[in-house]
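The next block holds one structure in the form of C-alpha cells; read it before the comments.
The structure is reproduced here in C-alpha cells:
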C-alpha cells in the first residue's frame with residue numbers, strides 16, 4: 065500500500081508541476097506527462113536523498129521518509145495556486161472514443177507483454193520467459209539489493225563496468241517500491257506498464273500534432289507496439305510461436321529486456337511535443353496561417369512531399385526560439401537528466417516511431433484520393449494489416465517462448481516502512497561473457513585436477529583457499545565469483561555464492577577463513593566488504609560502511625579468541641574485528657619502516673602465542689606484531705620483492721612452523737616460529753608447483769593454489 069501511495073503522490077505532484085509549464089492535447093496526454101515526470105523526478109529525489117543519508121544506518125528508509133514529508137507539503141502548497149489545465153484548442157476532428165479504445169488495447173498489450181514475461185506463480189517461484197538473462201538479470205539484481213535496503217553507498221563505476229548503468233535508475237525505483245512493501249516482480253511490472261503505456265499515449269499525441277489527424281496518431285502508436293517483420297508470416301502455419309526472437313530491427317522483446325527504455329523515449333517525446341506546441345503558437349502569433357491549428361502538413365499539402373520537408377525544416381529551426389528561459393531550462397534539464405535512463409536504443413526507438421507515423425500518414429492520405437490511386441490505398445491498408453498481424457505473432461512468441469522458473473529464499477525482515485518477509489530470487493551467472501555460462505553436464509574434476517573454466521572443480525583466477533575442521537577444502541574462485549567446496553580428497557561437493565554486486569553476492573572473493581563453528585569469512589576485494597556466510601553458504605551478514613571503510617580487502621585470519629584479522633590492502637592497514645563485525649583496533653600505514661606496509665598481502669595468527677604475522681612482500685619481509693598491533697620483530701625474505709605477487713603465509717602450530725609462498729618460485733619456504741629459515745618444501749614428484757600463491761593447512765596436509773595452472777596441489781607434511 066505504501067508503494068502505491070508513493071506513486072500516487074509522485075504522479076499527483078507532477079501533474080501540478082506540468083500544468084504550470086505545459087499545454088495538453090487530451091486527458092491521455094496529461095496523464096502520460098504526469099506519470100513519466102512523476103516517476104522520473106521521484107526517482108532522482110529518493111536516490112539523491114539516500115546518498116545524502118548514506119552515513120545513517122538506513123539511507124533508503126530516511127530518503128523515503130523525507131519524500132513522504134515533502135511531497136504532501138508540496139502538493140498542498142501547489143494545489144492552492146494550481147492553474148487550470150490549458151488545452152491546445154481546435155484539435156484534429158474526430159471522436160475521442162477511438163483514442164481511448166486504442167489506448168486501452170495498447171495498455172492490454174503492454175500488460176500481456178510485460179506481466180506475461182515476468183510474474184510469480186502460485187508456488188511463489190519467479191517465472192521468466194522470452195528474456196535474455198544477460199540483459200535482464202543485472203538490473204533485477206540491483207532492484208533486489210535496494211529492496212533489501214542495501215547498496216548505499218552506491219559504487220556507480222561498478223555498474224558502468226558491467227554495462228548496466230543505463231538501467232540503474234529504473235531498477236533503483238523498482239527496488240525502492242519493493243522496499244516499501246510491493247512484491248518486487250510487481251514493482252518491475254508496474255513501472256514497465258506505466259512507462260510503456262505513457263510513451264504510447266505520447267506517440268498518439270505527437271502523430272495528431274504533426275499531421276493534424278487522430279487516425280495517424282492512433283495507427284502510428286499501434287504500428288510501433290505491434291511492429292513485426294513481414295517475413296515472420298511465412299512461419300504462420302508451422303510453429304511460429306517458438307521462433308528465435310533475438311534478430312530483427314525492432315521487436316517487442318526490446319521492452320522485455322530493456323524495461324527502462326520507454327521512460328527515456330517517453331521523456332524525449334514529451335519534450336518534442338512541447339517544442340511542437342511552441343512552434344504552433346509562434347506561427348499562429350506571427351500570422352503565418354489563418355488558424356491556430358497549425359500542423360506539420362496542412363490539408364491542401366497532404367500529397368506534396370516538398371511541403372512536408374519544408375515543414376520539417378521550419379520546425380527544426382524555429383521550434384525553440386519562442387521558448388521562455390524558464391521553460392527552456394526546465395525541459396532541457398529534464399531531457400539531459402533522462403539520458404542515464406538509456407543510451408543508443410532510444411535513438412532506435414525514436415527512428416522507429418517516426419517511420420511508423422509516416423507510414424500511418426501514408427495510409428491516411430492515400431485514403432483521401434479517388435480514382436486510380438485507390439490501388440495505393442489498398443496496398444497501404446494491406447501492408448499495415450500484415451505488419452500488425454506479424455507484431456501480434458511476435459507478441460505471443462515472446463510470451464510463450466523458452467523460459468525458466470527461479471526458486472526463492474524467504475526470511476523475516478523488519479526493514480523499510482513495512483513489516484514483511486524478504487523474498488530473494490537467485491539468478492545465477494548473469495554476467496554477459498561466455499566464461500560464466502554454466503554447463504553442469506560436464507563431468508566433475510577434482511580440485512587437484514582443476515583447470516581454467518567455470519565448471520564444477522574448475523577455476524578462474526582462484527585467490528583463496530581454506531580448510532574446515534573436517535578437512536574439507538574451500539577455494540575462492542575469484543573470476544567466477546563463487547566459492548567451491550571439496551572433500552579432503554578433492555571431490556567436488558558444492559558451490560556457494562552468486563556473482564554480483566548486491567547484498568550477500570560475491571564480486572571478487574579473495575581471502576577466506578573458517579571459524580570453529582564452520583562459518584565462512586570472505587574478503588571481497590571488488591565490493592570492498594567482508595562477508596560472513598553460514599556453513600551452507602547462506603548469508604549471515606555483510607560488513608561494510610563508514611565505520612569499517614574497507615578498500616580492497618585481500619586476506620583474512622582468525623585468532624584463538626575468534627577475533628577476525630583483515631588485510632585491508634587499499635588502506636595499507638590491518639583491521640581487527642570481533643566475531644560480530646565490530647572494529648577492535650587497526651594499525652599500519654604506507655612505507656618501509658617498522659609497522660608500515662607496501663601492498664601487504666597476507667596475515668596469519670599463531671593460536672598458541674596469539675602473535676600476528678603479516679606478509680609485506682614488496683619490502684621483502686614478514687613482520688610480527690602482538691594481537692593489539694604492537695610491532696615485535698621482522699624476518700627477511702629475499703625471494704620476495706618482485707611485483708604482481710600474491711604471497712601468502714600460514715601458521716602450523718603443531719610443528720611450530722610458518723610457511724610462506726611466492727608466485728615467482730616453485731616451492732614453499734619454511735621457517736620455524738622464531739624466524740629461522742629451515743628450507744624449501746615441494747610436493748612429491750611428478751607433482752610440481754606452478755606459481756604457488758595462497759596456502760592453507762589442514763591436519764597433515766598443506767594445500768597450495770597454483771595460479772599458473774588453476775588447480776590445488778597437496779604437500780604432505782612431516783609427522784614430527
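In the numbering used here, the protein residues as written are 65 to 784. Just so it is clear, CB atoms sit at the ideal spot from N, CA and C, and this is done for glycine as well.
Candidates the options, of which the one nearest residue i by Cα
| i | options | result |
| --- | --- | --- |
| residue 633 | 645, 653 and 663 | 663 |
| residue 545 | 537, 525, 530 and 535 | 525 |
| residue 421 | 534, 757, 158 and 279 | 279 |
| residue 628 | 110, 640 and 619 | 640 |
| residue 238 | 672, 619 and 104 | 104 |
| residue 704 | 276, 727 and 236 | 727 |
| residue 560 | 533, 601, 551 and 552 | 601 |
| residue 457 | 289, 695 and 120 | 289 |
| residue 577 | 257, 666 and 558 | 666 |
| residue 612 | 625, 603, 587 and 604 | 587 |
| residue 337 | 88, 101 and 163 | 88 |
| residue 81 | 284, 148, 682 and 291 | 148 |
| residue 527 | 449, 617 and 603 | 617 |
Local conformation of residue i per DSSP, three classes
| i | result |
| --- | --- |
| residue 552 | coil |
| residue 576 | strand |
| residue 594 | strand |
| residue 134 | helix |
| residue 639 | strand |
| residue 788 | Because the chain spans 65 through 784 in this model, residue 788 falls outside it and cannot be assessed. |
| residue 525 | coil |
| residue 377 | Confidence in residue 377 is poor, its pLDDT being 44 and thus under 50, which makes the residue's placement unreliable; the coordinate value appears in the next sentence. Looking at residue 377 - three-state DSSP - the assignment turns out to be helix. |
| residue 666 | strand |
| residue 240 | helix |
| residue 754 | coil |
| residue 692 | coil |
| residue 509 | coil |
| residue 769 | strand |
| residue 720 | coil |
| residue 177 | helix |
| residue 278 | helix |
| residue 748 | coil |
| residue 161 | helix |
| residue 652 | coil |
| residue 484 | Reliability fails at residue 484, whose pLDDT of 47 lies under 50, so the model's placement of it is uncertain and no value is given. |
| residue 661 | strand |
| residue 587 | strand |
| residue 116 | helix |
| residue 428 | helix |
| residue 141 | helix |
| residue 346 | helix |
| residue 321 | helix |
Cβ-heavy atom distance, residue i to the ligand SAM, below 7 Å
| i | result |
| --- | --- |
| residue 546 | In terms of ligand content, the structure shown is empty, and the ligand SAM therefore cannot be addressed. |
N-terminal and C-terminal residue of the alpha helix (DSSP H) that residue i is part of
| i | result |
| --- | --- |
| residue 70 | 66-85 |
| residue 735 | Residue 735 -> not in any alpha helix (DSSP H); beta strand (DSSP E) instead, spanning 732-736. |
| residue 52 | No statement about residue 52 is possible, as the shown extent of the chain runs from 65 to 784 and does not include it. |
| residue 262 | 248-275 |
The beta strand (DSSP E) enclosing residue i, as first and last residue numbers
| i | result |
| --- | --- |
| residue 537 | 537-541 |
| residue 617 | 617-622 |
| residue 716 | 713-716 |
| residue 679 | 676-680 |
| residue 775 | 775-780 |
Rounded Cβ spacing between residue i and residue j (contact assumed at less than 8 Å)
| i | j | result |
| --- | --- | --- |
| residue 669 | residue 621 | 5 Å |
| residue 270 | residue 333 | 6 Å |
| residue 724 | residue 779 | Wrong, their Cβ atoms sit about 13 Å apart, outside the cutoff. |
| residue 653 | residue 660 | 5 Å |
| residue 737 | residue 748 | At roughly 25 Å, the Cβ-Cβ gap does not stay under 8 Å, so residue 737 and residue 748 are not in contact. |
Residue j beta carbon less than 8 Å from that of residue i
| i | j | result |
| --- | --- | --- |
| residue 693 | residue 638 | yes |
| residue 251 | residue 207 | yes |
| residue 542 | residue 572 | yes |
| residue 555 | residue 452 | no |
| residue 679 | residue 733 | no |
| residue 245 | residue 67 | yes |
| residue 266 | residue 96 | yes |
| residue 719 | residue 781 | yes |
| residue 324 | residue 234 | yes |
| residue 731 | residue 745 | yes |
| residue 258 | residue 99 | yes |
| residue 536 | residue 557 | yes |
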